[in-house]
Amino acid sequence: MAEPARDRPNRSHDLLGLFAFIILCLAVSGGGGAITATSVDTWYQALEKPPFNPPDWLFAPVWTALYILMGIAAWRVWRLRSFEATRTAFAVFGVQLCLNLAWSFLFFGLQRIDLALLEIVILLVAIIANTIMFWRIERLAGLMFVPYAAWVTYATLLNASLWLLNST
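No gaps in the numbering here: position 163 of the sequence shown is 154 in this note's numbering, and each next residue is one more.
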């Protein structure tokens, strides 16, 4: 039996929830950006890159858009169902956010392309799981995770290529 929709929060509560989810996601993005900044202009520039490596300027707008979509997707799930019905989906949501931040630490902070590659595979599994869980609760929320899953799939291939090209 499907979980009934929870009582609709009032408009100001609803908007506060939306902003809270977006701010949470952008805070994770900011943390990752701060870690990335420690070596993106130095160590990363010296790496041999594959031909499909995107220009550096593309990363910030893509990630910003993806984090905003993540926040909106989480908000849509939050406003439709009770905590009991969404506990597992939000646990996976939190895990994938933490894994996303951890990748920046491993790749740019520690400059460990190998460990980052292992971690990003786990991140991708968590994203796919979160996409499916959100989809089952609300299709649009699940669809909002598809660009994120696609980008991280691409990032996984890029990470693997960087590891192959730069392993000593």
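Cβ atoms here follow ideal geometry from the backbone N, Cα and C, with glycine treated the same way.
- prompt: Around the Cβ of Cys16, are there at least 16 other Cβ atoms within 10 angstroms (buried) or fewer (exposed)?
  reply: buried
- prompt: Just reading off the alpha helix (DSSP H) that Val143 is part of, what are its end residues?
  reply: Val137 to Asn157
- request: Given a cut-off of 7 angstroms, decide if Trp94 and Ala107 are closer than it, judged by their beta-carbon atoms.
  value: yes
task: Out of Leu131, Leu60 and Trp154, state which residue places its alpha-carbon closest to the alpha-carbon of Leu97.
output: Trp154
message: For Val116 and Ala141, what's the separation of their Cα atoms in angstroms?
response: 12 angstroms
query: When DSSP labels each residue in this structure, what does Phe99 get in the three-state scheme?
result: helix
task: In angstroms with no decimal places, state the Cα-to-Cα distance between Gln36 and Ser30.
output: 8 angstroms
task: Please classify Pro45: does DSSP put it in a helix, a strand, or coil?
output: coil
query: How about Phe12 and Gly62: do their beta carbons lie closer than 7 angstroms?
result: yes
query: According to the neighbour-count rule (16 or more other Cβ atoms, all chains shown, within 10 Å of its Cβ), is Thr77 buried or exposed?
result: buried
- prompt: Out of Asp5, Thr33, Tyr145 and Lys40, which has the shortest C-alpha to C-alpha gap to Leu156?
  reply: Lys40
query: Among Glu110, Arg72 and Trp48, which one has its Cα closest to the Cα of Gly24?
result: Trp48
task: In the DSSP assignment, find the unbroken alpha helix (DSSP H) run with Thr27 in it and report its ends.
output: Arg2 to Ala28
task: Please state whether DSSP places Val31 in a helix, a strand or coil.
output: coil
field: Inter-residue Cα distance where the pair is Val112 and Arg130
entry: 24 angstroms
- request: Report yes if the C-beta distance between Val68 and Asn121 is below 7 angstroms; otherwise report no.
  value: no
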